[in-house]
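Note sheet for the following structure.
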Amino acid sequence: MNSIESLVQERASFPLEHYRKAILCKEAYPWARRYLASRQSAAHRDVLAAVPPCLQTPVQLIAEAVQCGWFVVPNGKNGSFSARQFAERWRMATALPWLPDILQLALEAEARARHHRPAERHTFGVRRLPGFVDQALALPHRLSRLPLDHQAGAIKAELWFQVLADVHAATAAIAAQIECFAPAWMWDPAAPLEHQVERLRQHGCAHLLVAYVSQTRDRWIDSPEQKKLEDVLYRGLPVVEYERWYLERATREQVEEEGRWRAHFARIRELAGIFDDARSFARIPLGRLIRELSGGRFTLQREADSNPGLVVEVSPNYLVGAGEGIEEPFALANFCQALADALADVPCSFPGYLEACRQARASLVSF
Numbered sequence: 575m576n577s578i579e580s581l582v583q584e585r586a587s588f589p590l591e592h593y594r595k596a597i598l599c600k601e602a603y604p605w606a607r608r609y610l611a612s613r614q615s616a617a618h619r620d621v622l623a624a625v626p627p628c629l630q631t632p633v634q635l636i637a638e639a640v641q642c643g644w645f646v647v648p649n650g651k652n653g654s655f656s657a658r659q660f661a662e663r664w665r666m667a668t669a670l671p672w673l674p675d676i677l678q679l680a681l682e683a684e685a686r687a688r689h690h691r692p693a694e695r696h697t698f699g700v701r702r703l704p705g706f707v708d709q710a711l712a713l714p715h716r717l718s719r720l721p722l723d724h725q726a727g728a729i730k731a732e733l734w735f736q737v738l739a740d741v742h743a744a745t746a747a748i749a750a751q752i753e754c755f756a757p758a759w760m761w762d763p764a765a766p767l768e769h770q771v772e773r774l775r776q777h778g779c780a781h782l783l784v785a786y787v788s789q790t791r792d793r794w795i796d797s798p799e800q801k802k803l804e805d806v807l808y809r810g811l812p813v814v815e816y817e818r819w820y821l822e823r824a825t826r827e828q829v830e831e832e833g834r835w836r837a838h839f840a841r842i843r844e845l846a847g848i849f850d851d852a853r854s855f856a857r858i859p860l861g862r863l864i865r866e867l868s869g870g871r872f873t874l875q876r877e878a879d880s881n882p883g884l885v886v887e888v889s890p891n892y893l894v895g896a897g898e899g900i901e902e903p904f905a906l907a908n909f910c911q912a913l914a915d916a917l918a919d920v921p922c923s924f925p926g927y928l929e930a931c932r933q934a935r936a937s938l939v940s941f
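Be aware that the sequence shown starts at 575, since it is given in the numbering used here, and climbs by one per residue.
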C-alpha cells in the first residue's frame, strides 16, 4: 500500500512543464487550429500528417490542452488572446486537470485532520491553520497576474502560462501541507514541538508555525511569544529555549494572576464583613455605610442605566453581583456573604470566581 507521502505526490502532480514549449510555440498555432477544426471529420489524420515533423508534438499537446478546456489557441492581435477568449479565463482556470485530484485529496485530508486533532474549544484569539479544502477551492481564482480588463495585444500565451505556473505552484504547496500534517502526532499537543517544527521545515510549511502552535496548543499567541517563534524560524533559536522561556513566563503569569484574584477575594470577604455590621438595609444608609467602612474604596450602585440590578464596585472593573439582577440590598448582602463563604473552596482564578458565583447564586435561590 502506498504511503500518504507517495499518494500526495502521485495525485497532486501534473507535468505542466511538458506543455510549456508547445503552448509557447507560435509556429504551431495555425496547424493546431486546422487540426482542431478537422477533429470531427476523418481528415484530421491527413491534417496531422501534413504538419511538419518538428511541430507534430506541439500541435498534439496544444490540441489536448484545448480539448481539456484550460487553453485556447490565441487569435487576437499579435498572437494575443482576443476579448472573447479573455472572457473565458475563469472557465479555463476551473478546467485545469490537476484541480479535481487536489480537491479530493484535500477533502480526505480534512476528514483525517478532524479525526486526529483534539475537539475545538473555540478559545478566544486562537489562530487557525488554513483549511485544505478552502485553499483547494480557491485555486481557480489565483489569476492576479492577469489585468482586470482585456487589453488588445497585451495578453499572450506567455502570461497565461505564468498564471498556470502560479496555480500549479500553489497546488504543490497545498499538497506539501497535506503531507506535512498527515501523521496523527502532528496534531498532538503533547508531542515534542521540536520534532513538529522539524517536519514543518522539511515540507516547506515553516511559515505556518505561529498558527500551528496557536491551534494545536489552543492558546492565543501574543506579540512576545510570536517574536520568540519568529526567532525559532529565522534566527536559530532552539525550540527547547523557546519552550523554557514559555514555561517560565507562564509560571510567572500564573503566580501574578493568583495574586490578583487573591486580593480580589480578600476585598469580597471584607465587603461581606461590612454587610455583617449593617443595621439597616435601606439602599441609601447601606451605601453610606459601605463607603465609610471601606474608606471610600467600595461603592454601592446600579449596574447600568438599562439594568436596575444592584452591585458593589470593590475595585475598578470588579463589580460584585454583576449579571445577577439583584434589586434588593438585603438579597445583595446575602449573595455577597454566600460568595465569600464559597471562595474558601475554589482556586484563586477567574474560573474559580465563576464557580463561587454559581454556588452563591444557588444558595440565594434556595434561601
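Note that the Cβ used here is the ideal one computed from N, Cα and C, for glycine as well.
Fair warning: this is a prediction, and the values are worked out from it, not measured in the lab.
Contact annotation, proline 714 with leucine 681: C-beta distance approximately 16 angstroms; criterion of less than 8 angstroms not satisfied. Looking at the backbone, the Cα of cysteine 642 and that of alanine 669 are separated by about 7 angstroms. Separation of histidine 696 and tyrosine 786 (C-alpha to C-alpha, rounded to the nearest whole angstrom) is 15 angstroms.
DSSP lists Arg876 as the bridge partner or partners of leucine 884. Rounded to whole angstroms, the separation of the alpha carbons of tryptophan 819 and proline 671 is 48 angstroms.
Going by C-alpha positions, phenylalanine 655 is about 12 angstroms away from phenylalanine 735. In the DSSP assignment, valine 894 falls within the beta strand (DSSP E) that extends over 892-894.
Positions of the alpha helix (DSSP H) runs, each at least 4 residues long and wholly inside the segment 751-787, are given as 767-776 in order along the chain.
For serine 868, the closest alpha carbon among the candidates Glu877, Phe660, Ser889 and Ser880 is that of Ser889. Annotated as proximal: arginine 702 and glutamine 789, with beta-carbon spacing under 8 angstroms. Rounded to the nearest whole angstrom, the CA to CA distance from aspartate 796 to asparagine 908 is 40 angstroms. In the structure shown, serine 654 adopts extended strand secondary structure according to DSSP, grouped into three states. The continuous alpha helix (DSSP H) containing glutamine 634 extends over residues 627-642.
Counting along the chain, arginine 823 sits inside the alpha helix (DSSP H) bounded by residues 813-850.
Per the DSSP secondary-structure output, lysine 730 pairs in a beta bridge with Ser654.
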